[in-house]
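Enquirer: Each residue of the sequence shown is one higher than the last, beginning at 50 in our numbering. What follows is a single structure, and I will ask about it in a moment.
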Amino acid sequence: MTPRELEDRLINFAASIIRLSDGIKPSIAGNNLSGQIVRSSSSIALNYGEAQSAESPKDFVHKLGICLKEVRETFINLRIIDGACLYGDQQFLHYLKTESNELISIFVKSIETSKRKQGALPPKVNH
């Protein structure tokens with residue numbers, strides 16, 4: 050996946066979360082979680098954009114780490130929304146949880162690869 054393809058995927062993910070937030074049942078909890086998930090999901094795409102202009106390889110890894118934290122936060126928020134039955138479309142929730150898990154994997158692997166290139170991790174051993 051190219052950086053542009055990942056950026057597009059992150060933008061689409063954030064847009065999907067915005068659509069989800071519009072359908073969350075209004076309540077104290079719903080309003081709080083809705084606002085939080087919009088912030089965390091949009092932060093992923095915004096920080097990834099910053100990573101593309103990182104000032105150093107170390108800065109790049111740091112910004113990818115922020116992306117990873119935000120996507121994990123988004124995933125947990127989706128689980129809370131699901132557990133509290135604040136959103137009715139279970140299929141859409143499942144899609145978003147699956148997508149967040151895939152994004153977590155992408156960022157974990159990207160951070161690992163970047164750290165290996167910097168010599169911060171030992172070379173990968175293939176068995």
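No residue lacks a Cβ here, since even glycine has one placed at the ideal position from N, Cα and C.
So, is E151 buried or exposed, given that buried needs 16 or more other C-beta atoms within 10 angstroms?
Expert: Locating residue 151 in the sequence shown gives position 102, counting from the first residue. Under this definition E151 is an exposed residue.
Enquirer: Just how far apart, CA to CA, sit T123 and Q101?
Expert: Indexing the sequence shown from 1 puts residue 123 at position 74. Indexing the sequence shown from 1 puts residue 101 at position 52. The alpha-carbon atoms of T123 and Q101 are separated by roughly 22 Å.
Enquirer: Measuring alpha carbon to alpha carbon, tell me which of R165, I153, Q85 ends up nearest D71.
Expert: Residue numbering aside, residue 71 sits at position 22 when the sequence shown is read from its first letter. Among R165, I153, Q85, the Cα nearest to that of D71 is on Q85.
Enquirer: Which of helix, strand or coil does DSSP assign to G72?
Expert: For the purposes of this step, residue 72 is identified with residue 23 of the sequence shown, where counting begins at 1. Looking at G72 - three-state DSSP - the assignment turns out to be coil, as it is neither helix nor strand.
Enquirer: Can you find the residues in the same chain that come closer than 7 Å, C-beta to C-beta, to V110, ignoring five residues on each side of it along the sequence?
Expert: Here residue 110 corresponds to residue number 61 of the sequence shown, with the count starting at 1. The residues are I160, S163, K164.
Enquirer: Which whole-angstrom value is the C-beta distance of L55 and I153, which I expect to be below 8 Å?
Expert: Sequence index remark: in the sequence shown, residue 55 carries index 6 (1-based). Sequence index remark: in the sequence shown, residue 153 carries index 104 (1-based). Their Cβ separation, rounded to whole angstroms, is 13 Å, which puts L55 and I153 out of contact at 8 Å.
Enquirer: What did DSSP end up calling A103 once you bin it into helix, strand or coil?
Expert: Looking up residue 103 in the sequence shown gives position 54. Note: A103 maps to coil in three-state DSSP.
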